[in-house]
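First up is the structure itself, then whatever we jot down about it.
Protein chains: 2
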Amino acid sequence: MTTQAAEGLRDRKKRQTRTALGQAAVRLVAEHGLDHVTVEDISAAADVSPRTFFNYFASKEDAVLGPDPEAGARMRARVLAQPADLSAAAAVREALLAEVAAELADDREHWLLRMRVVQQHPVLLARVFSGGEAVERELVAGIAERVGLPADDTYPLLLGAAAGAAFRVAVTRWSSTAAPLHELLAEALDLIAAGLADPPR
Amino acid sequence: MTTQAAEGLRDRKKRQTRTALGQAAVRLVAEHGLDHVTVEDISAAADVSPRTFFNYFASKEDAVLGPDPEAGARMRARVLAQPADLSAAAAVREALLAEVAAELADDREHWLLRMRVVQQHPVLLARVFSGGEAVERELVAGIAERVGLPADDTYPLLLGAAAGAAFRVAVTRWSSTAAPLHELLAEALDLIAAGLADPPR
DNA sequence: CACAAGTCTGCAGTCGCTGCAAAGTTGCAG
DNA sequence: CTGCAACTTTGCAGCGACTGCAGACTTGTG
Chain F
278 MTTQAAEGLR
288 DRKKRQTRTA
298 LGQAAVRLVA
308 EHGLDHVTVE
318 DISAAADVSP
328 RTFFNYFASK
338 EDAVLGPDPE
348 AGARMRARVL
358 AQPADLSAAA
368 AVREALLAEV
378 AAELADDREH
388 WLLRMRVVQQ
398 HPVLLARVFS
408 GGEAVERELV
418 AGIAERVGLP
428 ADDTYPLLLG
438 AAAGAAFRVA
448 VTRWSSTAAP
458 LHELLAEALD
468 LIAAGLADPP
478 R
Chain L
278 MTTQAAEGLR
288 DRKKRQTRTA
298 LGQAAVRLVA
308 EHGLDHVTVE
318 DISAAADVSP
328 RTFFNYFASK
338 EDAVLGPDPE
348 AGARMRARVL
358 AQPADLSAAA
368 AVREALLAEV
378 AAELADDREH
388 WLLRMRVVQQ
398 HPVLLARVFS
408 GGEAVERELV
418 AGIAERVGLP
428 ADDTYPLLLG
438 AAAGAAFRVA
448 VTRWSSTAAP
458 LHELLAEALD
468 LIAAGLADPP
478 R
C-alpha cells in the first residue's frame, strides 16, 4: 500500500524497480497481448536485465498481476475487524467490498488497466483471487478464526472459495457492462448469501 | 466414456496413444512429482516421440488432468435433464453428484490416482474444474438455458463458479479425511444452498 | 576507509512448446 | 491388391520461460 517513510536508499530502489517492472508488464500486455510480450521486453522497458526480472517475479504472469504479498494479511484482518454481530458470510462481504474500494482508491489507474488486461486473458483470471493463492489461504484462516473452526474445515474453505468465485464473476461481468465493479460484486455476494435461489423472472 | 464399437484401426490407435500418454503422465507425476517429470519422460513411457505428445495435449498439465472434451457437454445435458420442479441450484447439485459417481464408476483407479496427484499439486487444482475451462462454460450454458437467462448473466455464471468452488473444496478436503468424495461434495453443495449461513457450534 | 551484506548481471543450460516438412500408416476406390 | 489421398508420427530447428552460478557492483556500517 502506501510507502513507509523510514526506509533506506536500497529498499526504495527495490520498490521502484518492482513497480517499474509491474507497470511495464501491464502496459505492454495491454498494448500487445500476453504472448506477444516477452520477459525481455518488460525488462528492457523497466531498464533492468532480464535476469533481474526473475529476482522480482517468479513468472511473467506474476508481474502482470502484481501479487501484493500483503493482500492476504489485509483480508484476514478485515474479516476479523467486522462487527461481531455480522454473520461470517456478511463479514466476508464487507471485507471484500472494503478491500476493493481501498485498492481502487489507492492505485486507480494501474488497477483498472490490470483488470482490463485480466479480462482479456482468462488464463490470468484463475490466478487473480483463488487457486491455492496465498490470499485465499489467509482469508480462509481469518474466517476460520472468526467462527472458531479449524482452517481445514469445510465451512471456512468453502466460504473463502465462494468469495473468490464471486470476485471472479464480478470481474468477468464487469467487462461486458457499464456497471461499477463494487455493485457487481455486491450483487454476486448477495446472490450467494441467498443460497443461489432461483432468480426472479 | 465407454468406447464406441464402430471405429477403425486408426481411431482406436489414437485413443490408445492418448490414454497411454495420460496414464503415463499421472503415474510418473504421482511417483516423482510434477516438475521432476519431463514431457520426454512421459513420451518415452508411452512409447511415442516427444513431438507426438503435443499432438495430443497442449501442455504437460493437460496430460495429467485428461481434459475429457465431452465432460462439458455431459454436465450441460445432466443439468437440463433434472426434473423441472427442482431449483437450478438443486439441479446442479444432482448433476454434479451424478457426474462424479459416473466418473468414479467408470475409471476408478485412474481417477483416484489423478485426484491424489491434484491435491499434491495445487497448481493443478485451479484447472480441475473452474478457471475459464470449457467445462464450466458449458455448465453455465446449461444453467442459463434452464432458467431462461442469457449465459453472460450474473446468476448462471455465479452458480457455475460456485459449483466449481464446491467441487474444489470437496477434493481438497477429501485428501485429509476418510470420507467418500460424494459425501463431502454433497455437504459443500448443501452449505452453499443454505447461503453459507454460520455453521452450528 | 574497509569490510560485510545485499543486489545486478551475464552466461550457460534445461525444459516447455511450436511450425515445418519428410517419412510412415491407414482407408478406400478402382 | 494396387495406387492414391488423407492422416499421423517424427525429427529438426528455434523461441521463450526460467534457474543456478559466479563475478562485478552498490549500499550500509563500524
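Protein chains in written order, with the numbering used here: chain F, 278 to 478; chain L, 278 to 478.
Backbone N, C-alpha and C define an ideal beta-carbon position, used for all residues, glycine too.
According to DSSP, simplified to helix, strand and coil, what is Gly343/F?
Correct three-state label for Gly343/F: coil.
What residues from chain L crowd round Thr435/F, counting only those whose CB sits closer than 8 Å?
For the record, residue 435/F in the displayed sequence is Leu; it is not Thr. Residues of chain L whose Cβ lies closer than 8 Å to the Cβ of Leu435/F are, in chain order, Ala442, Ala443, Val446, Ala465, Leu468, Ile469 and Leu473.
Does the beta carbon of Leu426/F sit closer than 8 Å to a beta carbon anywhere in chain L?
Cβ-Cβ to chain L under 8 Å: yes for Leu426/F.
Partner residues on chain L for Ser453/F, Cβ-Cβ distance less than 9 Å:
Asp429, listed in chain order.
State buried or exposed for Val400/L, treating a residue as buried only when at least 16 other CB atoms are found within 10 Å of its CB.
Around the Cβ of Val400/L, a 10 Å sphere holds fewer than 16 other Cβ atoms; the residue is exposed.
List the residues of chain F whose Cβ lies closer than 8 Å to the Cβ of Ser364/L, in chain order.
By Cβ distance, chain F contributes Ala474 and Asp475.
Please look up how many angstroms separate the CB atoms of Leu436/L and Ala366/L, rounded, as I've assumed it's under 8 Å.
The beta-carbon separation of Leu436/L and Ala366/L, rounded to 6 Å, stays under the 8 Å limit for a contact.
By DSSP, does Gln359/L sit in helix, in strand, or in coil?
DSSP places Gln359/L in coil when its eight states are reduced to three.
Does any residue of chain L bring its CB to less than 8 Å from the CB of Arg287/F?
No, Arg287/F does not count as interfacial toward chain L.
Can you say whether Pro320/L is buried or exposed, counting buried as having 16 or more other CB atoms within 10 angstroms of its CB?
For clarity, residue 320/L is Ser in the given sequence; the question names Pro instead. With 16 or more other Cβ atoms within 10 Å, it is buried.
Less than 8 Å between the beta carbons of Leu434/F and Ala447/F, yes or no?
A distance of 8 Å or more separates the beta carbons of Leu434/F and Ala447/F.
If distances are taken between C-alpha atoms only, which option among Ala455/L, His459/L and Arg295/L comes closest to Tyr333/L?
Looking at the Cα atoms, Arg295/L is the closest of the given residues.
If the criterion is Cβ atoms closer than 8 Å, does the pair Pro340/L and Val394/L meet it?
The amino acid occupying residue 340/L in the given sequence is Ala; Pro does not appear at that position. No.
Sequence-distant residues of its chain with Cβ nearer than 7 Å to Ala322/L (five each side left out)
Correct list, in chain order: Ala301 and Leu305.
Note down the Cα distance separating Leu374/F from His459/F, rounded to an integer number of angstroms.
Cα to Cα, the separation comes out at about 6 Å.
Below 8 Å on the Cβ atoms is my contact criterion, and I expect Leu473/F with Ala470/L to pass it. Report the Cβ-Cβ distance as a whole number of Å.
Between Leu473/F and Ala470/L a beta carbon distance of about 7 Å is seen, short of the 8 Å cut, so the two are scored as contacting.
Can you tell me which of Gln359/F, Asp362/F, Asp430/F and Ser364/F puts its alpha carbon nearest to the alpha carbon of Val453/L?
The residue you asked about is not Val; residue 453/L is Ser in the sequence shown. For the residues Gln359/F, Asp362/F, Asp430/F and Ser364/F, the minimum Cα distance to Ser453/L belongs to Asp430/F.
Could you name the residues of chain L that Arg391/F contacts, counting a contact when the two beta carbons are closer than 9 Å?
Within 9 Å Cβ-Cβ: nothing; Arg391/F doesn't reach chain L, min ~17 Å.
Rounded separation between Pro346/L and Gln359/F - CA only:
Taking the straight line from one Cα to the other gives about 44 Å.
Boundaries of the alpha helix (DSSP H) in which Thr294/F is found, first to last residue:
Its alpha helix (DSSP H) spans residues Leu286 to His309.
Three-state secondary structure assigned by DSSP to Gly425/L
Three-state result, Gly425/L: coil.
So, using beta-carbon positions, are Ala378/L and Ala442/F closer together than 8 Å?
Not a contact, by the Cβ cut-off of 8 Å.
From Ala418/L to Gly343/L, what does the alpha carbon distance come to, in whole angstroms?
Roughly 22 Å between the two C-alpha positions.
Can you tell me which of the three DSSP states Thr454/F falls into?
In the displayed model, Thr454/F falls within coil according to three-state DSSP, outside both helix and strand.
Residues of chain F with a CB under 7 Å from the CB of Thr449/L: which are they?
Result: Leu434.
Please confirm if Ala335/F has its CB atom under 8 Å from at least one CB of chain L.
Not one chain L Cβ lies under 8 Å of Ala335/F.
Any idea what DSSP makes of Phe334/L, helix, strand or coil?
Per DSSP, reduced to three states, the secondary structure at Phe334/L is coil, with no helix or strand assignment.
Gly425/F classed as buried or exposed, judged by whether at least 16 other C-beta atoms fall within 10 angstroms
Label assigned to Gly425/F: exposed.
Supposed close pair Arg423/L, Val356/L - CB separation, criterion 8 Å
That pair is a contact at about 6 Å.
Give the secondary structure of Thr329/F by DSSP, where H, G and I count as helix, E and B as strand, and everything else as coil.
DSSP places Thr329/F in helix when its eight states are reduced to three.
Listed from N- to C-terminal order along the chain, which residues in the segment 348-380 of chain F have their beta-carbon within a distance smaller than 7 Å of any beta-carbon of chain L?
When CB distances to chain L are screened at a threshold of 7 Å, the residues of the segment 348-380 of chain F falling below it are Ser364, Ala365 and Ala366, in chain order.
Please tell me whether His398/F and Val303/F are closer than 8 Å, where the distance is taken between their beta carbons.
Between His398/F and Val303/F, the C-beta spacing is not below 8 Å.
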